[in-house]
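See structure below.
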Amino acid sequence: MDFKDPFDGYQLTKHPSSASSDPLSSAPNSPLQWRDLQPDVERILRGYKPLRQKDDTADVLRAFLKYLCKDAQTTLMREIKQFGDKPAELRQLRNFLVDSILKPMMMAGGKQPKSLTPSPVREVAFGIQLSMTQIEPSSRSDQSILKKRCLRRDNNRCILTGMVDRAYFKSLPPQRRGDLIVCTTECAHIIPFALRKFDPNSAQETEVKAQIWVALERYFPFIKGKIGPESINTPANAVTLRSDIHVQFGAFDISTETTAVAHKYSIYKSEPRDYVNRDIPPFVTLTQSDPAVEMPDPDFLRLHYQVSMILKVSGIGEKLRKTIWENENSVDEIQPDGSTDLGHIISRKMLMNV
1 MDFKDPFDGY QLTKHPSSAS SDPLSSAPNS PLQWRDLQPD VERILRGYKP
51 LRQKDDTADV LRAFLKYLCK DAQTTLMREI KQFGDKPAEL RQLRNFLVDS
101 ILKPMMMAGG KQPKSLTPSP VREVAFGIQL SMTQIEPSSR SDQSILKKRC
151 LRRDNNRCIL TGMVDRAYFK SLPPQRRGDL IVCTTECAHI IPFALRKFDP
201 NSAQETEVKA QIWVALERYF PFIKGKIGPE SINTPANAVT LRSDIHVQFG
251 AFDISTETTA VAHKYSIYKS EPRDYVNRDI PPFVTLTQSD PAVEMPDPDF
301 LRLHYQVSMI LKVSGIGEKL RKTIWENENS VDEIQPDGST DLGHIISRKM
351 LMNV
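In UniProt numbering, the protein residues as written are 1 to 354.
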């Protein structure tokens, strides 16, 4: 199956602190830092002066601080403190988080944002340059192999509903079919497949993906060393889902929160009344029917859940959905008299206003 890279055409802009004389230290975070930074960061966010109408910088930063792990919270609080007296750079930090994490993660399966904001931190910029040398091109040729492996592991069922894969059901003799409920299943990547594939002839696309990976590893440090652009297509990063649930999962409307029990997850549904969710129970326990196929990594599902909650609490998820809906349902007519607001159309199409 051909795969069109969703990041084709992205443009990067320089972050104001890439030239900062006081870049963040690469020293490890500590619990003491986390505690000491909290009052300063809350004071900064409370006193933030919006740069424009509907400036959601403080809300977005608070949403990240609420759901990131403690180590990443400390990293982000150090950044907020560094730029605390510079509202424009705090806004740029907000844009970096939205452009490098929320937009790509939510949109990787469909229309893509065309502009990403580089990090204000010099050490992050260096990491992006390093990552650019490590990304290798790939194709989707092994996708069918991955799906077969995940189906074997997941007992040929959607992991959330227990419904049986349609093709597998048809392969069963009639006496074994019983009252099984069937569905069309798909192999769903937890961290999007699009973060692997890229055009090796496009330095710009490579830079975009390098920036995304640096951001993911910086703010979700528990995935570092476990996955990268070369290992996206692995059973640890994939689950079998009913096709319509896959759509919701990819849009972060459905996610799984870890519990104290290994491989048992609480199911988050952004729209509980949606018909897609009626067959999904409150909790699921993942099983391993084929021990040769590794289980979905709890840390990848943890990242997926954290992004889901940040999208919801920050309001960015709703803004993205609204903008995408407008793009899909509007016809932009260019007036010959020059009265058309081309800037607005371009900004909307490229999701630059979110």
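Here a beta-carbon is modelled for each residue, glycine too, at the ideal position from N, C-alpha and C.
All values reported here derive from a predicted model rather than from experimental measurement.
- Apart from sequence neighbours up to five positions away, the residues of its chain that approach Arg-62 with a beta-carbon distance below 7 Å are Leu-45, ordered along the chain.
- Under the three-state reduction of DSSP, Asp-59 is assigned to helix.
- The beta-carbon separation of Thr-259 and Arg-302, rounded to 11 Å, does not stay under the 8 Å limit for a contact.
- Boundaries for Ile-190: no alpha helix (DSSP H) harbours it, and the DSSP string shows neither H nor E there.
- A Cβ-Cβ distance of about 6 Å is found for the pair Ile-267 and Val-284, placing them in contact under the 8 Å criterion.
- Around the CB of Leu-51, fewer than 16 other CB atoms lie within 10 Å, so the residue is classed as exposed.
- In this structure, DSSP gives Ile-254 an extended state, which the three-state scheme calls strand.
- Going by beta carbons, Cys-158 and Leu-286 fall outside the 8 Å limit.
- Counting the other CB atoms within 10 Å of its CB gives Gly-47 a total below 16, which places it among the exposed residues.
- Taking all protein chains in view, the Cβ of Gln-53 is surrounded by fewer than 16 other Cβ atoms within 10 Å, so the residue is classified as exposed.
- About 7 Å separates the CB atoms of Gly-317 and Phe-252; that is less than 8 Å, so the two are in contact.
- Per DSSP, the unbroken beta strand (DSSP E) holding Ala-238 starts and ends at 238-242.
- In the three-state reduction of the DSSP assignment, Asp-142 falls in the coil class, being assigned neither a helical nor a strand state.
- Here the segment 209-220 lies against the segment 68-80, with 3 or more beta-carbon pairs under 8 Å apart.
- Under the three-state reduction of DSSP, Ile-159 is assigned to coil, being neither helix nor strand.
- Residue range 264-269 is occupied by the beta strand (DSSP E) that includes Lys-269.
- Spanning the alpha carbons of Asp-99 and Lys-66 requires a straight line of approximately 19 Å.
- With fewer than three CB-CB distances shorter than 8 Å, the segment 78-92 does not count as touching the segment 177-197.
- The C-beta of Pro-281 has fewer than 16 other C-beta atoms within 10 Å across all chains shown, which makes the residue exposed.
- Taken atom to atom, the span from the alpha-carbon of Asp-154 to that of Asp-85 is near 51 Å.
- For Glu-89, the secondary structure class from DSSP, reduced to helix, strand or coil, is helix.
- DSSP lists Val-164 as the bridge partner or partners of Val-182.
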